[in-house]
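Step one of this worksheet: look at the structure below.
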Amino acid sequence: MQSISSALNDSLIGKEVELRGWVYRIRSTAKLCFVVLRDSSNIIQCVGKIDELGEEKFKILSSLTIESSLSLKGIIRKDERAVTGYELNISDYYIFCRNVNFPVSKDISEDFELDNRHLWIRSREFTAVLKIRSTIFKAFSDFFYENGYYQVQPPMMVSTATEGGSTLFKVPFFGEEAYLTQSSQFYLETFIFSLEKVFTISPSFRAEKSRTWRHLTEYWHAEGEVAWIGNEEMMDIEEKMIQYIIKAVLDQNMDDLKILNRDLEPLKDSLKPFKRMTYDELISQSESLGMPLKYGDDLGADEERKIMSNFTRPLFITHFPSELKTFYHRPDPENPNLILCHDLLAPEGYGEIIGGGERIWNLEELQQRIRDNGLKEEDYYWYLDLRRYGSIPHSGFGLGLDRLAMWIMHLDNIKKAIPYPRTIRRLKP
Ligand code: 4AD
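Add 5 to the 1-based position in the sequence shown for the working numbering, that's all there is to it.
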């Protein structure tokens with residue numbers, strides 16, 4: 006038994022192989038039955054002939070419907086007209102499951118597709134999405150392992166907010182109230198005191214009430230935290246990491262990008278250096294970028310979409326006013342109204358994929374920011390302890406992997422980039 010992609014090979018011409026998979030397409034005439042078989046690796050045209058199979062076996066084969074599962078034995082031939090250039094001449098077959106009616110076809114509504122995601126993930130398009138996601142997740146980890154980082158495992162059930170109370174998911178916890186984590190950042194900060202350079206890939210949860218094309222309530226969050234470095238160096242590392250991931254996808258997923266009709270130029274362009282712009286500079290250029298903004302405006306999905314449709318390469322925005330960001334960001338000593346942070350915005354209208362920056366590492370400053378934000382110091386006792394005992398300068402970031410995947414694949418909604426999206430209206434399948 007071998008994979009379809011390994012059977013598409015000149016060295017097998019004239020030899021008998023056995024393939025197994027699912028019916029991708031099927032049509033028959035009185036004497037010939039064409040089954041396009043798919044497995045995880047590719048598709049191949051297989052032909053059954055009434056003269057060779059006998060009437061009974063031919064009839065059973067030609068009555069199969071799509072997504073039925075079977076194994077096929079036969080001789081491999083080269084055939085330029087066949088969908089992947091080779092054809093299997095069926096000598097025998099075994100049916101595992103004969104489908105009565107596979108409910109999912111190409112022309113289905115978005116809701117029907119989402120209700121049947123467990124079946125839709127078999128489509129060629131979604132198989133390509135899953136393969137590209139797999140490369141992205143691996144490349145993220147590979148990049149950090151190659152650069153001397155440790156992978157760590159923070160908890161998902163937590164007692165404190167990191168990104169503000171309005172998007173917290175509450176979970177009953179044996180008489181106490183727990184939350185699903187919004188970000189593992191604070192735990193990653195604890196790990197740097199033993200490991201210095203750490204990363205994690207974990208789910209994060211946001212009780213987002215708004216429905217937008219880029220928000221999920223559960224998403225895959227790739228976060229890193231690094232001892233001794235500042236905002237600029239953090240951006241240098243992130244830029245290399247994003248380029249490493251893009252290179253991996255370009256190296257390993259050309260066929261999948263083709264299935265998704267992805268224009269490769271913006272991905273190739275993103276291998277060149279990323280531009281950096283302060284929030285101030287962005288505001289003053291906003292009109293010419295087609296999105297007039299005034300100082301103090303926050304950047305949401307619509308604003309970023311307009312701004313980033315001017316770019317084919319990611320763009321860092323730095324030095325936001327402190328009131329636009331959460332309490333842990335370190336103010337710029339040169340101008341304490343601004344913070345040493347950054348967002349990385351993806352081009353082609355996609356917008357924010359990374360948020361990061363330098364953390365406050367002075368105890369009194371952090372205590373003050375916690376109080377100013379109406380939070381209780383005792384809830385953050387362990388986070389404050391990091392500033393009490395051996396505190397050091399450090400920076401970190403959080404990358405939304407589903408958003409990165411959506412941009413890399415040029416999909417129009419984040420729900421198309423994750424197998425089982427969770428949103429305000431969707432918990433099934
Ligand atoms: O900008 P955010 O909220 O930053 C943090 O959570 C930091 N504590 C991360 C850190 O420094 N360790 O989120 C980081 C990224 C965003 O840039 C975005 O890509 C993604 O997480 N993200 C979401 N992705 C999908 N759905 C949502 N609702 C998201 N919220 C944030």
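All residues carry an ideal CB built from backbone N, CA and C; glycine is no exception.
- Under a 10 Å Cβ-count criterion, Ser139 is classified as exposed, with fewer than 16 other Cβ atoms of the shown protein chains found around its own Cβ.
- At least one heavy atom of the ligand 4AD falls within 6 Å of the beta-carbon of Gln190.
- The bridge partners DSSP lists for Pro336 are Ile344.
- Counting every other CB atom within 10 Å of its CB across the protein chains shown gives Pro271 a total of 16 or more, marking it as buried.
- Taken through DSSP and simplified to helix, strand or coil, Ala410 comes out as helix.
- With a threshold of 6 Å, the Cβ atom of His220 counts as near the ligand 4AD, since some heavy atom of the ligand is closer than that.
- Here Leu58 is buried, its C-beta having at least 16 other C-beta atoms within 10 Å.
- For Met161, there is no enclosing beta strand (DSSP E), as DSSP gives it neither H nor E.
- Taking 8 Å as the upper bound for CB-CB distance, Gly403 and Arg219 are not in contact here, some 15 Å apart.
- Annotation: the continuous alpha helix (DSSP H) that includes Asn236 extends over 236-257.
- For Glu357, the Cβ falls inside the 6 Å cut-off from some heavy atom of the ligand 4AD.
- Distances between the C-beta of Thr167 and the heavy atoms of the ligand 4AD include at least one below 6 Å.
- Annotation for Gln373: the continuous alpha helix (DSSP H) segment containing it runs 368-377.
- In the three-state reduction of the DSSP assignment, Glu115 falls in the helix class, which pools H, G and I.
- In chain order, Met6, Gln7, Ser76, Leu77, Lys78 place their CB closer than 8 Å to the CB of Glu23, counting only its own chain and leaving out the 5 sequence neighbours on each side.
- The three-state secondary structure of Val88, taken from DSSP, is coil.
- With a beta-carbon spacing of about 19 Å, Pro208 and Glu194 fall beyond the 8 Å limit used to define contacts.
- In this structure His324 is buried. Its beta-carbon is surrounded by 16 or more other beta-carbon atoms within 10 angstroms.
- Collapsing the DSSP output to three states places Thr132 in a helix.
- Within the model, the alpha-carbon separation for Asp84 versus Thr186 is close to 54 Å.
- With a cutoff of 6 Å, Glu244 does not count as near the ligand 4AD, since its C-beta is closer than that to no heavy atom of the ligand.
- By DSSP's assignment, Leu404 forms a beta bridge with Ala227, Ile359.
- Excluding the 5 residues flanking it on each side, Glu201 has same chain C-beta neighbours closer than 6 Å at Ala232, in chain order.
- Note on geometry: alpha-carbon atoms of Ser96 and Ile9 lie some 17 Å from one another.
- Rounded to whole angstroms, the gap between the alpha carbons of Ile413 and Ile242 is 19 Å.
- The closest CA to that of Glu72, considering only Thr89, Trp125, Leu13, Arg393, is found on Trp125.
- The beta carbon of Asp303 is closer than 7 Å to those of Leu329 in its chain, skipping five residues each way along the sequence.
- Within the same chain, and ignoring the five residues on either side of Phe178 in sequence, the residues whose Cβ sits closer than 8 Å to its Cβ are Met162.
- Trp27 carries a strand assignment under DSSP once its states are collapsed to helix, strand and coil.
- Secondary-structure assignment with DSSP links Arg82 through a beta bridge to Glu92.
- Per DSSP, the continuous alpha helix (DSSP H) segment holding Met313 begins and ends at 306-313.
- Listed as beta-bridge partners of Tyr154 by DSSP are no residues whatsoever.
- Secondary structure of Gly170 (DSSP, three-state): helix.
- Rounded to the nearest whole angstrom, the C-alpha separation of Pro426 and Leu265 is 19 Å.
- DSSP places Pro326 in the strand class (E or B) of the three-state scheme.
- In the DSSP assignment, Ser11 falls within the unbroken alpha helix (DSSP H) covering 9-12.
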